[in-house]
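Chemist:
Residue numbers (the working numbering), protein chains in the order written: chain A, 1 to 475; chain B, 476 to 969.
Now the structure itself:
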């Protein structure tokens, strides 16, 4: 395998000294992708396009007209629309569909000369925690190929962990970036809801979905975030909160004496692997020694997170996925004799089991007679969970917890046990319910030498704080 | 069974309407696509209205302005915050598998409109709610034998839905209310009022009860009525059907009905058990619609004149009889033409206003009816019509000659031609007020009809009309009728 530069600043100095070109860089990534094909990372590889663009950008670098992201090679989870490329969402139902437009984040990063190397595998429509629910087959964890990389953005995490690109765009609805980051031993940042435009991100649960970034260090993510963040008139839920100069903020060191870190006791109860628990507590101890104030806080509604999350996300999903009906694009079942049969056959054949399970659950909780008992009640609990965080953030600046209760499990181990699969989201989903940002940072390894992550949750729009805290976590 | 007349006095129908009106904004409700009705199929489309993966709606603020106009014009309360909802169902021309609409919190609610009844009384019809939503595409089933086609141009076109209270108790009241809604929409310039092209559609909820009962009967809902005639025919057919059911001892059951204009019958299409469960829930892709007090004040300040206000103004400013004012202002464009005629009058006085109004209500209206055209297609310029009205008022031509002149003006293709025709015919028809000339005419007619003169003199006074007719005929309508009358009486009484 090729050794590729580990940071954007290393790439930049290579490009500046002419010891590196974008073409060379793209070729090394492509070789790494080829030599690790067994990981099943890419659904579509943009080999030719990426090289062609590399040549153009090398030209612009010479001419001094290149954009801010020249030399940044990115993989994109295949739930984000890239113009004229297939967009599969790892589902059979979108077979044959080519995107007719760029997602806003894609437009913005291409404008600044980033190179997209390909579209990564994931759980179908981002539903899953193992990347096994893919029409294009499961993805393997590079740390241990008998294990899952996590999901749903599993392959995005693997692409960064295995030097197939510098950064990757993934998406989150309940932990789909942080959990695979934790399982693969890298860092993943989930942004505040509304920080990045969702226009062009295929909807799973609209009021939860957000795009996020996998990377090797905070300054890389900061540079990319500065380019793609910000209000978008195409997404009404995008925020007009000014975009911070993350890179500049990161240059200043944190003064531990001014930072209060909370840990919620509810996140350290039963079900948490003891190695992970000890690892996270050890990290908290280190932070304390460095001068951070560590405070126990309470998030009293934590035990309702999973139920609330699955009711609300499935409800939204059941509606969001109605458009895949075989009428205008994608897969259509043949041999149907009526419209209704066409719908039934297309959707029965086109969607995988997990997606169908959620559509049925979501349809149920929105049905007449059940709406109040499930959907409306879950909305109220969501408000309580949001309040928990609002109250906690009056006392502390950050909340630290494990990212996941266990390390990566074996491929196939939980396929037939959706409930235990859902419990993977127990520490992450609350963040999406509350719409706050959070990051998963490598924090140690368990007895089997498998990595686990430490999660830091932050106040709304404090992505800069999370990136700065990353620099304080060492193991 | 008792005769229908008897039954009609025994039962009372209760009717509520749901009216869907397309808003004439330039672009669609949630994307920038054009709403042009006449574009070729599937040309006004984009990822948003086609429901492509990842595309998101963004609210067109002009839709909010439009619905606020209607809400304010119907005295509705306006919610400072309202939300959109999704109405979920599958149909090929519904691209997202759900319609974006408003459900629990319509932006406008609790208003009313007054309708004029036959007996000159007015009745207040409550408006439960007015909300925003998007239209679906159009399925075309009759183009190919073995497949259907879909035109997505209409997909995402903004609609408002106006839901009335069940305050109407006859077919007449229902059609008058619909008429009033249409008139208001057109006056506000937010809808073209064209039922035939589908920019205004109506569902009717109907139940019947024994007169005097407080409790409402079981209702049925007739969907998709697309003309005034269909509304009136369908509602009356459904009332009859329900009365007959009850009279024969059966019960009305809740059903969705369709109306077949061929056999004038309503038939059930869906029962309550088969009713769709639309699984409404808040639309997470859109933020709350916020309406500030300033916005409401701003809309109020730009609100066009409403029908009642126009009638009032015509009565006070132009001194028109209120019936004339109603008639002229019924159609906004017609009233606009009237106002242009008024502004062309050289002498602004009541007599001229009234004469202009009369010519419009009679002669102009007749041409529009005969030619089946609208006032916008009427070719005579307001300036020429003002000239004609002034000639009548000043007495230079008679009212009867004015019709002849009007008919001649119709032949003029341009303003200049029309003005020339007007000038020439004014000369031709100019009224004779020369008493000497008229007196000789009177004498001539009396001499020619000695028998009638004799009968008049022995008391058959109504023969005066006969003589006037003859004299006017002889003068080719030019003799001033007032002078004719005076001189005739003088000569006969002598």
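Glycine included, C-beta positions come from ideal geometry on N, C-alpha and C.
Report the partner residues of residue 189 of chain A according to the DSSP bridge assignment.
Modeler: A/213, A/439
Chemist: Helix, strand or coil for residue 695 of chain B, going by three-state DSSP, please let me know.
Modeler: Under the three-state reduction of DSSP, residue 695 of chain B is assigned to strand.
Chemist: Would you check if the distance between the CB atom of residue 372 of chain A and the CB atom of residue 301 of chain A is smaller than 8 angstroms?
Modeler: no
Chemist: Going by other Cβ atoms of all chains shown within 10 Å of its Cβ, with 16 needed for buried, is residue 974 of chain B buried or exposed?
Modeler: Past the edges of chain B, shown from 476 to 969, lies residue 974 of chain B, and the structure says nothing about it.
Chemist: State buried or exposed for residue 616 of chain B, treating a residue as buried only when at least 16 other CB atoms are found within 10 Å of its CB.
Modeler: By the beta-carbon neighbour count (other beta carbons within 10 angstroms, threshold 16), residue 616 of chain B is exposed.
Chemist: Quick check on the DSSP output: the beta strand (DSSP E) that includes residue 626 of chain B runs from which residue to which?
Modeler: First-last of the beta strand (DSSP E) with residue 626 of chain B: 624-626.
Chemist: Under a CB-based cut-off of 8 angstroms, is residue 527 of chain B close to chain A?
Modeler: yes
Chemist: Taking just the CA atoms, how far does residue 22 of chain A sit from residue 111 of chain A?
Modeler: 16 angstroms
Chemist: If we cut at 8 angstroms on Cβ distances, does residue 573 of chain B have a partner in chain A?
Modeler: yes
Chemist: Closer than 9 angstroms between beta carbons: that is the criterion. Which residues of the region 545-571 of chain B meet it against chain A?
Modeler: 561, 563, 564, 565, 566, 567, 568, 569, 570, 571
Chemist: Is there a C-beta anywhere in chain B that falls below 8 angstroms from the one on residue 367 of chain A?
Modeler: yes
Chemist: Listing by chain order, which chain A residues have their CB less than 8 angstroms from the CB of residue 759 of chain B?
Modeler: 205, 206, 207, 237, 316
Chemist: Is the distance from the Cβ of residue 41 of chain A to the Cβ of residue 202 of chain A below 8 angstroms?
Modeler: no
Chemist: Return the chain-ordered ranges of every alpha helix (DSSP H) run that is complete within the region 833-902 of chain B and spans a minimum of 4 residues.
Modeler: 840-846, 857-868, 874-884
Chemist: Since residue 918 of chain B sits in a beta bridge, which residues does DSSP pair it with?
Modeler: Within the DSSP bridge table, the entry for residue 918 of chain B names no partner.
Chemist: For the putative contact between residue 865 of chain B and residue 822 of chain B, defined by C-beta atoms under 8 angstroms, what is the C-beta separation to the nearest angstrom?
Modeler: 6 angstroms
Chemist: Under 7 angstroms between beta-carbons, which chain B residues line up against residue 323 of chain A? List them in chain order, please.
Modeler: 526, 570, 571, 572
Chemist: Quick check: the region 492-508 of chain B against the region 678-685 of chain B, are at least 3 beta-carbon pairs closer than 8 angstroms?
Modeler: yes
Chemist: Under the DSSP definition of a beta bridge, which residues are partnered with residue 735 of chain B?
Modeler: B/740
Chemist: For the region 184-200 of chain A, which residues have a CB atom closer than 7 angstroms to at least one CB atom of chain B, in sequence order?
Modeler: 198, 199, 200
Chemist: By DSSP, does residue 497 of chain B sit in helix, in strand, or in coil?
Modeler: strand
Chemist: Listed in chain order, which residues of the region 93-104 of chain A have Cβ atoms closer than 9 angstroms to some Cβ of chain B?
Modeler: 94, 97, 99, 100, 101, 103
Chemist: Do residue 766 of chain B and residue 555 of chain B have their C-beta atoms closer together than 8 angstroms?
Modeler: Going by C-beta atoms, residue 766 of chain B is nearer than 8 angstroms to residue 555 of chain B.
Chemist: Could you spell out where the alpha helix (DSSP H) holding residue 96 of chain A opens and where it closes?
Modeler: Unbroken run through residue 96 of chain A: none, as it is neither H nor E.
Chemist: Checking 8 angstroms against the spacing of the C-beta atoms, do residue 496 of chain B and residue 674 of chain B come in under that value?
Modeler: yes
Chemist: Does chain A have any CB closer than 8 angstroms to the CB of residue 815 of chain B?
Modeler: no
Chemist: Can you find a C-beta in chain A that's less than 8 angstroms from the C-beta of residue 533 of chain B?
Modeler: Taking a beta-carbon distance threshold of 8 angstroms, residue 533 of chain B counts as an interface residue toward chain A.
Chemist: Can you check the region 220-250 of chain A for any alpha helix (DSSP H) of at least 4 residues that lies completely inside it and give the ranges in chain order?
Modeler: none
Chemist: So is residue 489 of chain B in contact with chain A if we call contact Cβ pairs under 8 angstroms?
Modeler: no
Chemist: Does the CB of residue 745 of chain B have a neighbour CB from chain A at under 8 angstroms?
Modeler: Taking a beta-carbon distance threshold of 8 angstroms, residue 745 of chain B does not count as an interface residue toward chain A.
Chemist: Locate the beta strand (DSSP E) running through residue 563 of chain B, then write down its first and last residues.
Modeler: Per DSSP, the unbroken beta strand (DSSP E) holding residue 563 of chain B starts and ends at 560-563.
Chemist: Using 8 angstroms as the cut-off, can you tell me whether the region 150-169 of chain A makes contact with the region 3-11 of chain A, which would need three or more C-beta pairs spanning the two stretches below that distance?
Modeler: yes
Chemist: Output the boundary residues of the alpha helix (DSSP H) element that contains residue 569 of chain B.
Modeler: No alpha helix (DSSP H) contains residue 569 of chain B, which DSSP labels as neither H nor E.
Chemist: To the nearest angstrom, how far is it from the Cα of residue 276 of chain A to the Cα of residue 287 of chain A?
Modeler: 17 angstroms
Chemist: Could you spell out where the beta strand (DSSP E) holding residue 448 of chain A opens and where it closes?
Modeler: Careful: residue 448 of chain A lies outside any beta strand (DSSP E) and carries neither H nor E.
Chemist: Determine, using beta-carbon pairs with one atom in the region 238-258 of chain A and one in the region 414-426 of chain A, whether at least three such pairs fall under 8 angstroms.
Modeler: no
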